[in-house]
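In what follows, a single structure is set out as structure tokens and then discussed.
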Amino acid sequence: MSARSHSKRSWGQRLVILIPYLWLAAFFLVPFLIVFKISLSQFATAQPPYLPQFDLDEGLAGLKEFFSELSSANYARLVSDWLYLSSYGRSLAIAFVSTAMLLALGLPIAYAMARAPRRWQGVLFLLIVLPFWTSFLIRVYAWMTILQRDGLLNQALLAIGIVDAPPVWISTDAAIFIGIVYTYLPFMVLPIYATLERMDETLLEAAADLGCPRWKAFWLVTVPLALPGAIAGSILCFIPIVGEFVIPDLLGGSGTMMIGQTLWLEFFNNRDWPAASAVAVVLLALLIVPLILFQHVQARRLEQGG
Amino acid sequence: MNGQHQSDNPVTTRSGDPAASPLVRFDAVSKRFAGVTAVDGVSLDIYPGEFFALLGPSGCGKTTLLRTLAGFETPDSGRVLLNGEDLTRVPPHRRPVNMMFQSYALFPHLTVAGNVAFGLKQDGLPQEEIAARIAEMLALLRLEGLEARKPHQLSGGQRQRVALARALVKHPRVLLLDEPLAALDKKLRGETQFELMRLKERLGLTFVIVTHDQEEAMTVASRIGVMNHGRLVQVATPSEIYEQPNSRWVADFIGDVNLIDGRVAEKTTVVTTVATTPAGTIRAAASDAKPGDSVAVALRPEKIRIGREVPPASLNAVEGEVAAIGYLGDFSIYKVRLADGFVMEAAAANVARVIERPVSIGDRVWLSWATDAGVVLTQ
Ligand SMILES: Nc1ncnc2c1ncn2[C@@H]1O[C@H](COP(=O)(O)OP(=O)(O)OP(=O)(O)O)[C@@H](O)[C@H]1O
Ligand SMILES: [Mg+2]
Chain V
1 MSARSHSKRS
11 WGQRLVILIP
21 YLWLAAFFLV
31 PFLIVFKISL
41 SQFATAQPPY
51 LPQFDLDEGL
61 AGLKEFFSEL
71 SSANYARLVS
81 DWLYLSSYGR
91 SLAIAFVSTA
101 MLLALGLPIA
111 YAMARAPRRW
121 QGVLFLLIVL
131 PFWTSFLIRV
141 YAWMTILQRD
151 GLLNQALLAI
161 GIVDAPPVWI
171 STDAAIFIGI
181 VYTYLPFMVL
191 PIYATLERMD
201 ETLLEAAADL
211 GCPRWKAFWL
221 VTVPLALPGA
231 IAGSILCFIP
241 IVGEFVIPDL
251 LGGSGTMMIG
261 QTLWLEFFNN
271 RDWPAASAVA
281 VVLLALLIVP
291 LILFQHVQAR
301 RLEQGG
Chain W
307 MNGQHQSDNP
317 VTTRSGDPAA
327 SPLVRFDAVS
337 KRFAGVTAVD
347 GVSLDIYPGE
357 FFALLGPSGC
367 GKTTLLRTLA
377 GFETPDSGRV
387 LLNGEDLTRV
397 PPHRRPVNMM
407 FQSYALFPHL
417 TVAGNVAFGL
427 KQDGLPQEEI
437 AARIAEMLAL
447 LRLEGLEARK
457 PHQLSGGQRQ
467 RVALARALVK
477 HPRVLLLDEP
487 LAALDKKLRG
497 ETQFELMRLK
507 ERLGLTFVIV
517 THDQEEAMTV
527 ASRIGVMNHG
537 RLVQVATPSE
547 IYEQPNSRWV
557 ADFIGDVNLI
567 DGRVAEKTTV
577 VTTVATTPAG
587 TIRAAASDAK
597 PGDSVAVALR
607 PEKIRIGREV
617 PPASLNAVEG
627 EVAAIGYLGD
637 FSIYKVRLAD
647 GFVMEAAAAN
657 VARVIERPVS
667 IGDRVWLSWA
677 TDAGVVLTQ
């Protein structure tokens, strides 16, 4: 009786552990393998638009033939074609710069929130997440009108007299950065706020007591303690920014594309699924590094909390 | 039973030289928080080399007073002086005092060595001197071998010693301790109290400790300031506070006491006679109460003898019936009900291991005490 209930429980436990793995397998690993397989195929005017097709009827011989027809030609193209390399480079550069901007903006905001009187913190928190109540697309369209030649931004700039002639915003990199920083700011602020909010105020008093002025205590105590949050926020922002499509497409110009735009172009305009798949696989490989970093930080944080 | 180990307490550390100028002076300091007066016109001098304890019930303003000295609270009125210099406008990081926080406030991202070095680095000391002073301080507090640990890898007692080391390593003019031992168990607390006294003597510093544990204050302090509702109600040596409380409140707050109400009938230079008390007419120590004043006689339980025989007439004596006995190991407490229902407490040391004819509940006994045992309190 007891043995049965024991084995039952351990089955239940195994299932609990299994669920996230099943989830990952079904919605990440399997699609990834499909994409990977397509990336090794060649473009063809067919339905679906690539070759070889896997045919079960021909048995083992068919399987052999299928594997022999796979090739890494698409990957070779990615490396040799300047279009792809510059797309990757541009995406990483934009992600890097905008993450730095987000950090520079998010850290003081999170710090101010955590230092605000308790009764205000709820309201401030709400203000940070409030934009999520509106659809992301609508907010980006709103930025399009704000950044127009005669949009709100230029009206304001002209009104205060900072500029004499309206500068061009829309279709520039500046517009991309504005859109990205605006969109991702909550993802930077919230993790940092979460770490700072738990910080013991008396640590700052202790620092002052030991002869450390306030501004220096910020660097010696607050920033190191906010670091796990800052790293989490940076990774939460960096990864999706690299693959960002909507913002550069709507706010950016027609020059060099970000990798998300390149991928879209290959997939929908050129209907070159294999090339698009190869782009996606390489993008994933590039992002695995920060992802593993994130995992590492998370694990260390859990360890310290426990 | 706090009066016991007081005989060796060095009253002289108050200031060997009574003309010595105070190291710390609180000059009519007041601090209000939204509706609460946390500190109410406190004036107090603390002399070099003292181990001064601020003692009082929870919420009486001890921490707030200490924080005005550290610089974390600005007094609404009054001044705080260190060596005659007005500190009121000096920010905390430029005050030559250091504080050991009740929560220890160790930096979680720094190692033990990093925590202790923090203050020295702020002073811009050379690397070798920092290393030497850390090593010295860690040895003094028996923390060797723990240099590379983070605070979360230490036991409570170790953390507390790191916090102490971090504050002491700066050689502060005054070390402030806010309930430094509250989180420790009783045995460790006792050991640490003696450790603190040893450190103070060894380093020749001035300590100000905040505590609501009167036993702790009695043990470590050379002088105690008793606080209530933001005011200092008595400042004296531990034995004076215990033997000569200046008010009913202090007598009641420090240790156990019988407070017996009555009216002064007669007084001489050596004896005050208080009549119409529940224990009859009592002769107590000389006081400045005038005949006719309503007073209370404060009488410590251990000053009362309990016995079956009628005591000699030279002593105060009253008869009663034992209502309850509390056995405390070293002591027993006897609650004795007098004729009119008033209950007096007497304490007797359990000297013999087996008492031949123990007093038991319901026995009729005589309580007696010397004429100078009772203290007459007018307020
Ligand atoms: N920052 C603050 N804001 C508002 N009220 C405060 C603040 N700090 C202290 N008080 C109030 O001032 C009074 C004295 O507080 P304080 O902390 O000095 O007491 P304490 O004697 O140290 O008590 P405890 O033994 O409980 O630590 C209390 O009534 C407290 O509620
Ligand atoms: Mg306190």
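From first to last, the protein sequence lines stand for chains V and W.
When you line the first sequence up against my numbering, it's residues 1 to 306, in that order.
When you line the second sequence up against my numbering, it's residues 307 to 685, in that order.
Backbone N, C-alpha and C fix where the C-beta goes; we use that ideal spot for every residue, glycine too.
On a predicted model such as this, the values are computed, not experimentally measured, just so you know.
Buried/exposed call for residue i, threshold 16 Cβ in 10 Å
i	result
valine 335 of chain W	buried
threonine 319 of chain W	Because the pLDDT of threonine 319 of chain W is 38, which lies under 50, any placement of that residue in the model is unreliable, and the question is left without a value.
glycine 635 of chain W	exposed
glutamate 615 of chain W	exposed
phenylalanine 559 of chain W	buried
lysine 368 of chain W	buried
serine 71 of chain V	exposed
leucine 15 of chain V	exposed
phenylalanine 28 of chain V	exposed
serine 383 of chain W	exposed
arginine 508 of chain W	exposed
glycine 89 of chain V	exposed
Three-state secondary structure (DSSP) of residue i
i	result
valine 80 of chain V	The question names valine, yet the displayed sequence has serine at residue 80 of chain V. In the structure shown, serine 80 of chain V sits in a helix (DSSP, three-state: H, G or I).
valine 317 of chain W	Any reading at valine 317 of chain W must be qualified, since the residue scores a pLDDT of 36, below 50, and its modelled position is unreliable; the value itself is stated next. In the structure shown, valine 317 of chain W sits in a helix (DSSP, three-state: H, G or I).
isoleucine 176 of chain V	helix
serine 666 of chain W	coil
leucine 431 of chain W	coil
glycine 367 of chain W	coil
methionine 524 of chain W	helix
glutamate 546 of chain W	helix
valine 580 of chain W	strand
isoleucine 241 of chain V	helix
aspartate 484 of chain W	strand
glutamine 53 of chain V	coil
arginine 614 of chain W	coil
serine 71 of chain V	coil
aspartate 249 of chain V	helix
Nonlocal neighbours in the same chain, by C-beta distance under 8 Å from residue i, ignoring five residues either side
i	result
leucine 73 of chain V	In the sequence as presented, leucine is not what sits at residue 73 of chain V; that position holds alanine. Excluding residues within five positions, the ones whose Cβ falls inside 8 Å are Gln42.
serine 553 of chain W	Val539, Gln540, Leu683, Gln685
serine 68 of chain V	none
alanine 454 of chain W	Thr417, Val418, Ala419
Whole-angstrom distance between residue j and residue i, CA atom to CA atom
i	j	result
alanine 655 of chain W	glutamine 520 of chain W	21 Å
threonine 256 of chain V	leucine 126 of chain V	37 Å
phenylalanine 357 of chain W	methionine 503 of chain W	8 Å
phenylalanine 238 of chain V	phenylalanine 96 of chain V	7 Å
serine 91 of chain V	phenylalanine 424 of chain W	42 Å
valine 630 of chain W	histidine 399 of chain W	What sits at residue 630 of chain W in the sequence shown is alanine, not valine. C-alpha separation (whole angstroms): 56 Å.
aspartate 599 of chain W	valine 570 of chain W	5 Å
threonine 370 of chain W	valine 342 of chain W	12 Å
isoleucine 94 of chain V	arginine 300 of chain V	29 Å
serine 2 of chain V	proline 49 of chain V	The predicted model places serine 2 of chain V with a pLDDT of 47, which falls under 50 and marks its position as unreliable; any figure quoted below should be read in that light. Going by the C-alpha atoms only, they are around 58 Å apart.
glutamate 435 of chain W	glycine 377 of chain W	28 Å
asparagine 534 of chain W	arginine 198 of chain V	33 Å
valine 657 of chain W	valine 642 of chain W	20 Å
glutamine 53 of chain V	threonine 183 of chain V	41 Å
phenylalanine 294 of chain V	leucine 494 of chain W	42 Å
alanine 285 of chain V	aspartate 164 of chain V	47 Å
leucine 22 of chain V	isoleucine 34 of chain V	17 Å
Partner residues on chain W for residue i, Cβ-Cβ distance less than 7 Å
i	result
valine 129 of chain V	Near valine 129 of chain V there are no residues of chain W at all, since even the closest Cβ is about 28 Å away, more than 7 Å.
valine 221 of chain V	Phe413
Within chain W, the residues that residue i reaches when beta carbons sit closer than 9 Å
i	result
leucine 225 of chain V	Phe413, Pro414, His415
Cutoff 6 Å; reference residue i; Cβ partners in own chain excluding five residues on either side
i	result
asparagine 154 of chain V	Pro166
arginine 611 of chain W	Ser674
Under 9 Å by beta carbon: chain V residues contacting residue i
i	result
histidine 399 of chain W	Ala207, Ala208, Asp209, Leu210, Gly211, Cys212, Pro213, Arg214, Lys216, Ala217
asparagine 564 of chain W	Those do not exist, as asparagine 564 of chain W stays about 42 Å from chain V at its closest Cβ, beyond 9 Å.
alanine 488 of chain W	Going along chain V, no residue has its Cβ under 9 Å from alanine 488 of chain W, so there is no contact; the nearest lies around 14 Å.
Proximal residues of chain V, C-beta to C-beta of residue i below 7 Å
i	result
phenylalanine 407 of chain W	Thr202, Ala206
glutamine 428 of chain W	Leu210, Gly211, Cys212
glycine 283 of chain W	Within the shown structure, residues of chain W are numbered from 307 to 685, placing residue 283 of chain W beyond reach of any answer.
Sequence-distant residues of the same chain with beta carbon closer than 7 Å to residue i, five excluded per side
i	result
glutamate 244 of chain V	Ile180, Met258, Gly260
arginine 331 of chain W	Asp351, Leu387
asparagine 622 of chain W	Ile588, Arg589, Ser674, Trp675, Thr677
Cβ-heavy atom distance, residue i to ligand 3, below 7 Å
i	result
aspartate 599 of chain W	As for ligand 3, it is missing from this structure, which binds only ligand 1 and ligand 2.
Residues that residue i contacts on chain V, provided the C-beta gap is smaller than 8 Å
i	result
lysine 476 of chain W	Leu210, Gly211
Residues in the segment 197 to 219 of chain V with C-beta within 7 Å of chain C's C-beta atoms, listed in sequence order? Of the protein chains in the structure, V and W, none is chain C.
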